[in-house]
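J.:
Numbering (this note's numbering), first residue to last: 1 to 190.
#1: Please report the straight-line C-alpha distance between residue 169 and residue 144, rounded to a whole angstrom.
#2: As an exercise, report each continuous alpha helix (DSSP H) stretch of at least 4 residues that is fully enclosed by the stretch 103 to 146, in chain order.
#3: When you compare each of 77, 157, 54 to residue 21 by their alpha carbons, which one comes out closest?
#4: Starting from residue 179, follow the alpha helix (DSSP H) in both directions and report where the run begins and ends.
#5: According to DSSP, is residue 71 part of a helix, a strand, or is it coil?
#6: Which term fits residue 7, buried or exposed, when burial requires 16 or more other beta carbons within 10 angstroms of its beta carbon?
#7: So the candidates are 124, 40, 61; which of them puts its Cα closest to the Cα of residue 180?
#8: How would you label residue 13, buried or exposed, when you count the other beta carbons within 10 angstroms and need 16 or more for buried?
#9: In terms of residues, what are the limits of the alpha helix (DSSP H) holding residue 10?
#10: Any idea which residues DSSP pairs residue 166 with across the strands?
#11: Rounded to a whole number of angstroms, what is the C-alpha to C-alpha distance between residue 135 and residue 83?
#12: Kindly indicate which three-state DSSP category residue 195 falls into: helix, strand or coil?
#13: Find out if the Cβ-Cβ distance for the pair residue 126, residue 100 is shorter than 7 Å.
#14: Assign residue 91 to buried or exposed, taking buried as 16 or more other Cβ atoms, counted over all protein chains shown, within 10 Å of its Cβ.
#15: Kindly identify the DSSP beta-bridge partner or partners of residue 54.
#16: Is DSSP giving residue 156 helix, strand or coil here?
#17: Looking only at its chain, what residues have a beta carbon closer than 7 Å to the beta carbon of residue 35, apart from the 5 residues adjacent to it on each side?
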């Protein structure tokens, strides 16, 4: 912002439910990890009925999807992906850091193949050492690559999609923080 690479903006962080985080951020039942009564389908409504009006009442906010983004890391990225598909046209920018696409038997990946109303810009990133086991690391990266290919097939070119495979990066706040400036620049830069 100081270097005028992106406009001034409001960033809202939403805390998770701690021990109930899996239940809160999964939209579908999952057996690995076990979540039989997920609450994630309520998340888009929570954002649109509670969070967005709360912020709009307290701050001067820009309106429209081109000014509005959504994102998260890990399960936060997964629920952000779900939300973008559940309420298309609301969020014009989508930041997906290390999305947990394996949960719920990869249902989000299947849903994404049938979806076409993607946000105007998507930043999608994953590290190559996120799972801590080589076979799982490859699987995790493959899932993100598959989502990237789905987005490409849906028409997102290099101006709309930045897919970053971060060699050696782990599933950590440090890795996400290191990529955050690039993500904001891509999503909101001119």
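Backbone N, C-alpha and C fix where the C-beta goes; we use that ideal spot for every residue, glycine too.
Everything numeric in this text was worked out from a predicted model, so none of it was measured.
T.: Looking at the atomic coordinates:
#1: If you take the alpha carbons of residue 169 and residue 144, they lie about 14 Å apart.
#2: For the stretch 103 to 146, the continuous alpha helix (DSSP H) assignments of 4+ residues that do not extend past its boundaries occur at 103 to 113, in sequence order.
#3: Measuring from the Cα of residue 21, the nearest candidate turns out to be 77.
#4: It spans 173 to 188 - the alpha helix (DSSP H) in which residue 179 sits, taken as one unbroken run.
#5: Residue state, collapsed to three classes: strand.
#6: Label assigned to residue 7: exposed.
#7: Minimum Cα distance to residue 180 is reached at 124.
#8: Exposed, because fewer than 16 other Cβ atoms sit within 10 Å of the Cβ of residue 13.
#9: In the DSSP assignment, residue 10 falls outside any alpha helix (DSSP H) and carries neither an H nor an E.
#10: DSSP lists 127 as the bridge partner or partners of residue 166.
#11: Taking the CA atoms as reference points, residue 135 sits about 29 Å from residue 83.
#12: Because the chain is modelled from 1 through 190, residue 195 falls outside the range shown and cannot be assessed.
#13: Contact: no.
#14: Answer is buried; the Cβ neighbour count reaches 16.
#15: In the DSSP output, where bridge partners are listed per residue, residue 54 has none listed.
#16: Of the three classes helix, strand and coil, the one that applies to residue 156 here is coil, per DSSP.
#17: Closer than 7 Å at the Cβ level, and outside the excluded window around residue 35, lie 22, 23, 26, 29.
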